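Reading through the structure tokens given below for one structure.
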Amino acid sequence: MRLLPVLPVVVPLITAAALAVLTKLLPRAWSALIAIASTIATAAAAALLLRDSLQQPIVYWFGNWKPNGRMALGISFAIDPIGAGLATFAAVLTAAALVFGSKYFDSVENHFHALILCFLGAMCGFSLTGDMFNLFVFFELMSAAAFALCAYKTEDPGALQGALNFAVTNTIGAYFVLTGIGLLYARTGALNMAQMSEALASHPADKLVLVAFAFISCGYLVKAAVVPFHFWLADAHAVAPSPVCVLFSGVMVEMGLYAVARIYWAVFNQTLHADIASLRILVVSIGAATAVLAAIMCFSQRNLKRLLAFSTISHVGLMTIGVGLFTAGGLAGAAIYTLGHGLVKGGLFLAAGMLLHRFSTVDELDLHGRGRSEKWAGFVFFAGAIGLAGLPPSGVSAGDDLIHEAARAIGYHWVRWISFFAAIITSAAVLRAACRVFFGWGPRREEQPGGAPKTQESRETDRSQQRTPMTMIAPAVALVVAGMFLNFTPRLKRIATQSATEFQNSEAYSARVLRAAPKRTPTAPAPAPENPLFGISAFACAALGAACYLFSKSFRSTSRWITRPLSVLHGLHSGHVGDYVAFLTFGIAAFGLVCVLCLR
Amino acid sequence: MTRRIRLKFFLVSAAALALCFFWGYAGLPAFGHGSSIYADIVNAISVPQRHITDAVTAVNFDIRGFDTLGEEFILFTSVLGVILLMRRTKDEPAGDHEDKAPGRKVPPVSDAVRVIALLLLAPTIVFGWYIVVHGQVTPGGGFQGGVILSSAPLLLYLCGSYPKVRGAAAPRLIEIAEALGAAGYIVIGGACVALGGMFLENLLPLGKAGTLTSGGMVPFINLGVGLEVSGGFTLILLVYLEELMEEKES
Numbered sequence: 162m163r164l165l166p167v168l169p170v171v172v173p174l175i176t177a178a179a180l181a182v183l184t185k186l187l188p189r190a191w192s193a194l195i196a197i198a199s200t201i202a203t204a205a206a207a208a209l210l211l212r213d214s215l216q217q218p219i220v221y222w223f224g225n226w227k228p229n230g231r232m233a234l235g236i237s238f239a240i241d242p243i244g245a246g247l248a249t250f251a252a253v254l255t256a257a258a259l260v261f262g263s264k265y266f267d268s269v270e271n272h273f274h275a276l277i278l279c280f281l282g283a284m285c286g287f288s289l290t291g292d293m294f295n296l297f298v299f300f301e302l303m304s305a306a307a308f309a310l311c312a313y314k315t316e317d318p319g320a321l322q323g324a325l326n327f328a329v330t331n332t333i334g335a336y337f338v339l340t341g342i343g344l345l346y347a348r349t350g351a352l353n354m355a356q357m358s359e360a361l362a363s364h365p366a367d368k369l370v371l372v373a374f375a376f377i378s379c380g381y382l383v384k385a386a387v388v389p390f391h392f393w394l395a396d397a398h399a400v401a402p403s404p405v406c407v408l409f410s411g412v413m414v415e416m417g418l419y420a421v422a423r424i425y426w427a428v429f430n431q432t433l434h435a436d437i438a439s440l441r442i443l444v445v446s447i448g449a450a451t452a453v454l455a456a457i458m459c460f461s462q463r464n465l466k467r468l469l470a471f472s473t474i475s476h477v478g479l480m481t482i483g484v485g486l487f488t489a490g491g492l493a494g495a496a497i498y499t500l501g502h503g504l505v506k507g508g509l510f511l512a513a514g515m516l517l518h519r520f521s522t523v524d525e526l527d528l529h530g531r532g533r534s535e536k537w538a539g540f541v542f543f544a545g546a547i548g549l550a551g552l553p554p555s556g557v558s559a560g561d562d563l564i565h566e567a568a569r570a571i572g573y574h575w576v577r578w579i580s581f582f583a584a585i586i587t588s589a590a591v592l593r594a595a596c597r598v599f600f601g602w603g604p605r606r607e608e609q610p611g612g613a614p615k616t617q618e619s620r621e622t623d624r625s626q627q628r629t630p631m632t633m634i635a636p637a638v639a640l641v642v643a644g645m646f647l648n649f650t651p652r653l654k655r656i657a658t659q660s661a662t663e664f665q666n667s668e669a670y671s672a673r674v675l676r677a678a679p680k681r682t683p684t685a686p687a688p689a690p691e692n693p694l695f696g697i698s699a700f701a702c703a704a705l706g707a708a709c710y711l712f713s714k715s716f717r718s719t720s721r722w723i724t725r726p727l728s729v730l731h732g733l734h735s736g737h738v739g740d741y742v743a744f745l746t747f748g749i750a751a752f753g754l755v756c757v758l759c760l761r
Numbered sequence: 481m482t483r484r485i486r487l488k489f490f491l492v493s494a495a496a497l498a499l500c501f502f503w504g505y506a507g508l509p510a511f512g513h514g515s516s517i518y519a520d521i522v523n524a525i526s527v528p529q530r531h532i533t534d535a536v537t538a539v540n541f542d543i544r545g546f547d548t549l550g551e552e553f554i555l556f557t558s559v560l561g562v563i564l565l566m567r568r569t570k571d572e573p574a575g576d577h578e579d580k581a582p583g584r585k586v587p588p589v590s591d592a593v594r595v596i597a598l599l600l601l602a603p604t605i606v607f608g609w610y611i612v613v614h615g616q617v618t619p620g621g622g623f624q625g626g627v628i629l630s631s632a633p634l635l636l637y638l639c640g641s642y643p644k645v646r647g648a649a650a651p652r653l654i655e656i657a658e659a660l661g662a663a664g665y666i667v668i669g670g671a672c673v674a675l676g677g678m679f680l681e682n683l684l685p686l687g688k689a690g691t692l693t694s695g696g697m698v699p700f701i702n703l704g705v706g707l708e709v710s711g712g713f714t715l716i717l718l719v720y721l722e723e724l725m726e727e728k729e730s
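Protein chains in written order, with our numbering: chain A, 162 to 761; chain B, 481 to 730.
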């Protein structure tokens, strides 16, 4: 126990340092193997922490700077099942991405593995830490690795622009996080979350505390890509290499949401608890707007990677609703949703990578009917559409179910309809694309209403494109199948609800961290049995919608009445970083004003 | 959005944001009254408990040493990123990256600059290492000293030429030194566990405060950080020089 909590961070980082030197000396297969082995070791260490933290949450003080009831000076990891689970999940997705990438890039010697490992180490540290500033340090490390990975295909000017938009918006987000931490430090003299929480609890929240809360939350929400901070995500995903997209969509974006939940429950809950109803309205409406807006954008994309990226934003909106309900059920739902969505979406991005490998394009119209030979990619796409619609026993269905239950319990019945809409549209978009690519159904480019200019895509692979190697097929299929059957046991929901209840017990958290108080075991209510009707009807509607779009000319032409608003919406996603920063400023200002004026 | 609309939209939002900043900053302690409990405790314990006379170093490398490990890897990752982004892709032709600004000749480096640069070279290296190893005594340490050290190859470039820098700097060795410096931090942390403590627990003899050997593990960490930082910045310098000053003869 003196070393284990550190391993998920230091194993990938020290391997990255070794690989930065060794890649030039070793054959390519070797550095891929070392990276994969290191990732599996990381996953194992994180899984052990998950197992232990289910018994008893772990508090680890670096340098043995234990507070012993006094002021916390050092840095602590405060490991609970949700954090440890997120770290484990990050390592598992990274392993899949590395296996997929092992025969994918021609220029892997350019530190691809080292950067991925730094990225993983940062995500693990981010999920495990109990220190406000340490969280920010790992946020920065995560960003530094992500920016470089996003721009990996430097020969493509689009890659540089996408990465630049990503870097500019996220760095502004980081600036606001740091400002917020500075304000809180000035008030509390502490950096440990539990210590901050106790210092804040003694006074009612004033404007400084509310502004700090708004700044830190918005900074992390930029990473979570909720409206109106979401613009960078589609640009970054469209240009990043497919295995990197798996990590961006599957776990990095969700990390932003995790951070918001963590800082609320570990730091602000005790002082802001009286305002929870107003906060709930704020965060749930942000999530709902994100889910709806991004679903519409998703259906109107033809670049498969952009389509999947907007689908990610839409699903993150649903997770935001889960977190924003501020109840154990909602958080548990968001946690399971993260797993289910990450697995399915990871598989889908890898399948898109397979198509890019074979055909050097991910444009749906260019691929019309050409995917017939790619049976495995086709399987992943159709399975992914089913998984995203939330057909039981997929992880998404379990998450949906918990979120709906939690929303109903506090009178937010309409959440179900938002979720239904997002599930239908995002699933229909994937189905439509899959039918067009793998069956050759639906209109070709010439018949596409409104004209459809060709898009350019730079290749990611250099090797023989005659066939797709097993190392690409296996991880994609494994991810999507795991996502579809994640909820095979009812224990998952019970454990998640229990962990979320513990996550939200701020007083117990502070006592545990600062005074090593023994864990109180809260009893979570047993989750209700699942209603399969939701997922089935969502998938049926999605299939119907996709079929109408593909086969009915009149449906396509009647759908023109939404062309005008849609083109306005597309115009907003201009790719111009100035626009993005303007929306970012607007979003943070609005969030801040609402916090200061409406809470108190 | 057009330029005008974007500007208006931004200015209105920024005004509202300025209001948030005002509310936040208005709650800060008044000027001169901002003493924090944290700082007071650190000031009180850094010499008696850790034999470190520079309290900032006590925070960065002992009390909150794990943050600094993360910071070191941010630099490490950024250097990898720069190397990745500046690499020459296959389609891009090699060579002939000379300054081609129309109607402007690159002036030769004057002898005065060469002499001064040459004279400064050795003192810079000595001063850099001095700052690296005195982190626990006076303000400084691996980060600051490392940056000073990495200005040595820049001076060499000023008084010689790029091939000379490349020859003297030996990029392979620097890469190894940089990686060793980064890994060293983790190795020291792990060694603390092997000695029976927690990760990064300062278990070495603390020495006499105010001397080079004080601070236990802190000077060792600083040496590693110094290697990493000087190596990292030198690599970035080399990458940029390579891009700009492609050797004609090759």
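Just so you know, even glycine gets a beta-carbon here, dropped at the ideal spot from N, CA and C.
These figures come from a predicted structure and were not determined experimentally.
C-beta neighbour in chain A for residue i, strict 8 Å
| i | result |
| --- | --- |
| serine 558(B) | yes |
| cysteine 500(B) | yes |
| phenylalanine 546(B) | yes |
| aspartate 542(B) | yes |
| glutamate 655(B) | yes |
| alanine 659(B) | yes |
| proline 643(B) | no |
| proline 685(B) | no |
| aspartate 576(B) | Low local confidence applies: a pLDDT of 48 at aspartate 576(B) is under 50, so the model's placement there is unreliable, and no value is given. |
CB of residue i within 8 Å of CB of residue j, strictly
| i | j | result |
| --- | --- | --- |
| alanine 493(A) | alanine 661(A) | yes |
| glycine 501(A) | leucine 647(A) | yes |
| leucine 254(A) | valine 400(A) | no |
| alanine 347(A) | glycine 514(B) | yes |
| phenylalanine 713(B) | serine 641(B) | no |
| alanine 783(A) | glycine 696(A) | For chain A, the structure presents residues 162 to 761; residue 783(A) sits outside this window and is missing. |
| tyrosine 518(B) | methionine 232(A) | yes |
Exposure label - residue i; buried when at least 16 CB within 10 Å
| i | result |
| --- | --- |
| cysteine 759(A) | exposed |
| methionine 480(A) | buried |
| arginine 484(B) | exposed |
| lysine 536(A) | exposed |
| lysine 384(A) | buried |
| serine 304(A) | buried |
| aspartate 576(B) | Because the pLDDT at aspartate 576(B) is just 48, under 50, the model does not fix this residue reliably, and the value given afterwards should be weighed accordingly. Exposed. |
| glycine 572(A) | exposed |
| leucine 345(A) | buried |
CB contact check: residue i to chain B, cutoff 8 Å
| i | result |
| --- | --- |
| glutamate 301(A) | yes |
| phenylalanine 747(A) | yes |
| leucine 344(A) | yes |
| cysteine 223(A) | Looking at the sequence provided, one finds phenylalanine at residue 223(A) rather than cysteine. Yes - at least one Cβ of chain B is within 8 Å of the one on phenylalanine 223(A). |
| arginine 163(A) | yes |
| cysteine 279(A) | yes |
Which of helix, strand or coil DSSP assigns to residue i
| i | result |
| --- | --- |
| valine 220(A) | strand |
| alanine 312(A) | coil |
| aspartate 764(A) | As displayed, chain A neither begins before 162 nor continues past 761, which places residue 764(A) out of reach and without an answer. |
| threonine 629(A) | coil |
| serine 199(A) | helix |
| phenylalanine 390(A) | coil |
| phenylalanine 646(A) | coil |
| leucine 491(B) | helix |
| serine 558(B) | helix |
| threonine 290(A) | strand |
Is the region 371-385 of chain A close to the region 331-350 of chain A, with three or more CB pairs under 8 Å?
Counting Cβ pairs under 8 Å, three or more are found: they touch.
Evaluate the contact criterion for the region 188-203 of chain A versus the region 313-324 of chain A: three or more CB pairs, one atom per stretch, below 8 Å.
The answer is no - the region 313-324 of chain A does not touch the region 188-203 of chain A, with fewer than three Cβ pairs under 8 Å.
Taking three-plus beta-carbon pairs below 8 Å as touching, is the region 515-525 of chain B in contact with the region 490-500 of chain B?
The region 515-525 of chain B and the region 490-500 of chain B do not touch, with fewer than 3 CB-CB distances between them shorter than 8 Å.
Is the number of C-beta pairs between the region 242-250 of chain A and the region 288-297 of chain A that are closer than 8 Å three or more?
Segments in contact, yes.
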